[in-house]
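K.L.:
Residue numbering for the sequence shown follows the UniProt record's numbering, starting at 1 and increasing by one per position.
C-beta: ideal position from N, C-alpha, C; glycine also.
Just so it is clear, the structure is predicted and the values come from calculations on it, not from any experiment.
Shown below is the structure under consideration.
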Amino acid sequence: MSSPLKKKKLNNGTKSAATQPKGLEYFFLKQKGNGSAVNEAPSEAATELTDEELARKLQAEWDLEAANEAKSEDNGLRGEAGDANPGSPRKSMIFRAKANPPAADVAESKNPDPPARTSKSTLSLQSAGMAEDEVNAFIPLDESPLTFDSSKYVSQLREHWAATTSRIKIVDTLVNCLRVLIEGDFSSLLPAVWLATNSISPPYISMELGLGGSAISKALRQVCGLDNRALKAIYDKYGDAGDVAFEAKKKQSFTLRKPKPLTIKGVYQSLVKIATSQGQGSNEAKQRIVDRLLQDARGGEESRFIVRTLCQHLRIGAVKTTMLIALSRAFLLSRPPAADYPLKSVSGLSTLRKDELAEVWGKAEETVKACFARRPNYNDLIPVLLETGVTQELLVRCDLTLHIPLRPMLGSITRDLSEMLTKLQGRDFACEFKYDGQRAQIHCDEQGKVSIFSRHLELMTDKYPDLVELVPRIRGEGVGSFIMEGEVVAVDRETGALKNFQALTNRARKDVAIDAIKVDVCLFSFDLMYLNGQPLLDRPFRERRELLRSLFVEIPHHFTWVKSLDATSGDSEAVLEFFKSATDSKCEGIMVKILDNLPAVPYLGDVEDTGPAEAEKLSMPKSKSKFKQKPKSGGTADTDDKKPKSRRKPLLATYEPDKRLDSWLKVKKDYNSSFDTLDLIPVAGWHGQGRKAMWWSPILLAVRNEESGSLEAICKCMSGFTDAFYKANKAFYDEGAESGESKNTRLQKPSFVEYSGPRPDVWFEPQEVWEMAFADITLSPTYTAAIGLVSDERGLSLRFPRFLKKREDKSIDEASTSEFLAGLWRKQEAKASTDKDSKEEPVQEYGDDEDHE
């Protein structure tokens with residue numbers, strides 16, 4: 001069928017009426033009238049109107065009809081087009097919630113494919129050039145929560161989203177949006193949170209959309225009337241699937257279907273159906289759902305975010321930590337109509353000083369974060385929040401539970417052993433081998449049911465059937481249920497010799513049969529968090545370790561405890577020998593953990609005790625010099641003077657889920673005083689020179705901007721690669737020059753990659769994480785990494801970057817962030833300034849190893 005635009009050209013031609021194609025009204029008359037209409041000639045009015053003019057006339061009739069229907073409703077909601085304000089420059093919110101949806105919409109949410117309505121024509125025509133939402137409520141979602149009155153906007157649930165990269169504005173916008181849902185349509189809050197965080201289930205519940213790019217491309221072609229060439233041209237220009245959808249929707253003229261407004265619940269249920277579709281015909285069912293979502297998306301903006309949602313790369317800044325902060329603040333200020341928990345007075349909060357207000361926010365944030373760390377599932381957290389608000393009852397009802405993983409505690413990186421000994425001066429600590437394996441969290445109940453979770457909370461029970469069989473046998477007398485943490489390491493079953501992580505990756509991931517296992521493993525346990533129904537998180541590490549070693553049974557080469565050494569800061573030689581022993585045993589290094597709670601002992605470290613979001617924002621160490629530090633030229637002036645007051649808590653030996661603290665320190669064999677390491681994402685490459693002409697060299701790398709979702713270029717690297725790596729990398733990132741088919745590459749720069757230097761020969765599809773060493777960090781006019789964090793004009797780059805290895809255990813969402821990079825730079829500058837002011841000759845400065853490269 002020709003598009004309306006092509007019809008317009010034909011109808012304006014000079015052909016006679018006998019050969020002129022029939023107008024669209026001819027087909028509408030056929031539907032509305034009797035069968036005789038088929039043989040009737042088009043009316044004079046129909047021949048005078050072009051198809052496009054007729055379509056616009058029909059659209060105006062629909063708008064009037066919708067407005068009349070809206071006026072007759074008593075639910076207080078505005079009609080879809082009755083209060084339109086197409087001139088507004090603000091962007092529409094992606095999904096619209098309904099406080100009291102009409103019965104038809106409720107039925108649709110339960111049944112995504114309702115029978116066609118017989119009272120109205122099934123053929124309709126929508127202008128794709130309509131305003132994004134046709135409703136501009138002008139609700140100031142980015143206003144301060146202390147002045148925002150959400151009750152004024154409960155009846156106007158079609159808000160407009162003001163995009164921003166400011167973390168403060170993102171949090172404020174989320175807080176206000178969540179408050180509107182809490183007070184106006186709390187049943188939509190849970191699916192709204194899932195959608196905003198770009199997921200539909202927690203990691204331990206396997207629910208993948210399973211959509212390839214072809215399904216989305218096919219839907220865009222069908223809905224927007226584009227062919228492959230046109231769609232590819234848009235993709236080559238913009239590089240982001242959401243931006244492609246935005247442009248494709250703008251190019252669409254009309255579509256023969258009147259859309260049904262997308263609702264929060266409807267979109268979420270559609271995603272769940274896509275994820276749960278299995279068996280014969282599932283691909284066709286998924287395709288129909290994708291088509292329907294794009295058909296119902298009104299305007300380019302909704303299309304953009306629907307596609308980004310389907311690609312699971314939303315990039316709106318609502319990461320886990322931001323969402324938890326927003327939830328904690330929203331429930332301090334709002335509650336559902338049926339709830340009666342106390343709220344904070346907005347007028348009272350408005351009178352507080354900035355630090356006092358931060359303390360109020362901080363207490364609520366810690367409560368919500370602690371609950372989510374112990375029970376990382378919004379399905380568990382949000383219903384309790386709606387009932388109790390941010391109270392102590394929330395902690396009780398969202399506590400540690402068997403077979404639901406808690407988020408693991410993380411260790412801070414130290415540059416070398418001397419720095420570690422300085423930080424832990426005056427404390428007893430345990431040094432443990434840091435095995436080159438896979439971290440595992442093992443749950444076992446009294447009936448012997450076993451669940452095994454990865455560091456990322458993914459269920460690994462099917463991967464290790466040998467451990468599932470082993471775990472109930474290691475329980476000692478009196479042990480019923482427990483949650484244990486350890487490292488799963490590939491070993492030689494006969495000798496117990498350790499193998500590297502690469503050997504472990506050769507093991508199948510799903511449906512592993514015990515008889516077919518070729519890679520044997522041993523579980524090296526190091527912590528106990530739960531025992532016989534009682535959480536142990538608040539117990540000191542010494543007590544937890546004693547329970548672990550005394551109540552469980554060792555089985556050589558199958559289950560044992562990590563090798564450890566108890567020491568103090570005065571035992572430097574013994575610690576050094578232990579570290580050498582660990583590296584000689586094919587371990588990555590050592591973990592150092594505080595044994596006892598000693599709140600009276602001063603902490604000499606330089607990392608604030610903060611939550612997971614701020615754990616990577618390293619503050620500068622205090623200068624040991626009695627002289628005032630001077631700002632370095634080209635850097636930020638007097639950063640030490642401007643450093644905010646520390647909210648550092650005592651360094652305790654408790655288990656703190658989802659926190660990276662200095663009570664656990666890791667010292668790897670790759671860490672020393674000459675370089676740190678960063679986990680970077682390869683995003684582009686150039687053709688090499690000479691013998692490397694067939695490979696990619698150098699390669700452009702980037703850090704992750706947690707706020708904007710973009711990847712910021714930091715450096716090029718051409719060191720540390722072997723010829724075998726170059727060949728494998730070229731095969732993985734193949735631009736198709738020889739094979740004729742590209743693989744994991746694209747011609748145009750992705751819109752989410754920020755780089756302004758010389759154009760690479762090829763852009764990579766970001767999907768890997770590489771661990772990189774470097775000499776030091778410098779300000780750069782070319783690279784955009786951390787720009788605005790240390791300088792408004794310049795970003796940060798690395799001197800002498802060197803490839804160490806691929807991080808098979810990390811996804812790109814866990815790559816180093818620009819905040820972390822900026823923290824390392826501040827730390828480097830503070831150290832250089834301290835060394836200069838104290839006139840002490842450093843043992844080894846950054847870049848001293850240049851001659852050894």
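1. Would you mind working out which of Glu477, Lys369, Val562 sits nearest Leu324, comparing C-alpha positions?
2. What does the alpha-carbon distance come out to for the pair Val683 and Lys716?
3. Excluding the five sequence neighbours on either side, which residues of its own chain have a C-beta within less than 6 Å of the C-beta of Asp236, listed in chain order?
4. What three-state label does DSSP hand Thr321 in the structure shown?
5. Measuring CB atoms only, is the region 791 to 801 touching the region 712 to 732, in the sense that at least three cross pairs come out at less than 8 Å?
6. DSSP three-state call for Ala684: helix, strand or coil?
7. Work out the CA separation of Pro202 and Tyr341 for me, nearest whole Å.
8. From this set, Asp492, Val519, Asp515, Tyr755, which residue's C-alpha is nearest Thr505's C-alpha?
9. What ranges does the alpha helix (DSSP H) occupy inside the region 770 to 842, keeping only unbroken runs of at least 4 residues that lie completely in it?
10. With a 10 Å radius around its C-beta and 16 neighbouring C-beta atoms as the bar for buried, classify Ser525 as buried or exposed.
11. Express the C-alpha separation of Tyr733 and Thr778 in angstroms, rounding to a whole number.
12. Assuming Gly299 contacts Lys344 (C-beta within less than 8 Å), just tell me the rounded distance between them.
13. Alpha carbon to alpha carbon, what distance is there between Arg807 and Glu706?
14. Would the region 184 to 197 and the region 390 to 407 be scored as touching if the rule is three or more Cβ pairs under 8 Å?
15. Give me, in chain order, the residues of the same chain whose beta-carbon lies closer than 6 Å to that of Gly688; leave out the 5 immediate sequence neighbours on both sides.
16. Excluding sequence positions up to five away, which residues of its chain have a Cβ less than 7 Å from the Cβ of Val171?
17. Rounded to a whole number of angstroms, what is the C-alpha to C-alpha distance between Ile787 and Gly823?
18. Tell me the residue span of the beta strand (DSSP E) that contains Val762.
19. Could you say if the region 749 to 762 and the region 803 to 820 meet the contact criterion of at least three C-beta pairs nearer than 8 Å?
20. Where does Glu302 land, buried or exposed, given buried means 16+ other C-beta within 10 angstroms?
21. How would you write the range of the alpha helix (DSSP H) that Leu294 sits in, first residue to last?
22. I need the DSSP call for Met244, collapsed to helix, strand or coil.
23. Identify every residue that forms a DSSP beta bridge with Val488.
24. Take Pro408 as the anchor and find which of Ile483, Cys311, Met772, Thr722 has the nearest alpha-carbon.
25. Restricting to Cα atoms, I'd like to know which of Asp428, Asp355, Ile442 is closest to Gly599.
26. Do you know how far the Cα of Gly437 is from the Cα of Ala503?
27. If you reduce the DSSP assignment to three classes, tell me which class Ile200 lands in.
28. Is DSSP giving Pro535 helix, strand or coil here?
29. Please classify Glu469: is it buried, with 16 or more other beta-carbons within 10 angstroms of its beta-carbon, or exposed?
30. Determine the DSSP secondary structure at Phe752, reduced to helix, strand or coil.
31. Taking one C-beta from the region 357 to 368 and one from the region 167 to 185 each time, how about it: are there three or more such pairs within less than 8 Å?
32. Could you compute how far the alpha carbon of Asp149 sits from the alpha carbon of Leu595?
33. Note down the Cα distance separating Glu143 from Leu498, rounded to an integer number of angstroms.
34. Of the residues Ala215, Ser214, Ser282, Ala196, which one's Cα is nearest the Cα of Tyr268?
P.N.:
Let me lay it out:
1. Lys369
2. 10 Å
3. Leu747, Gln748
4. helix
5. yes
6. strand
7. 27 Å
8. Val519
9. 818 to 837
10. buried
11. 29 Å
12. Rounded, the Cβ-Cβ distance is 38 Å, inconsistent with contact.
13. 19 Å
14. no
15. Trp695, Ser697
16. Thr322, Ile325, Ala326
17. 13 Å
18. 762 to 764
19. no
20. buried
21. 282 to 296
22. Per the sequence presented here, residue 244 reads as Val, with Met not at that position. Of the three classes helix, strand and coil, the one that applies to Val244 here is helix, per DSSP.
23. Gln438, Leu523
24. Ile483
25. In the sequence as displayed, the identity of residue 599 is Pro instead of Gly. Closest option to Pro599, Cα to Cα, is Asp428.
26. 9 Å
27. coil
28. strand
29. exposed
30. coil
31. no
32. 49 Å
33. 57 Å
34. Ala196
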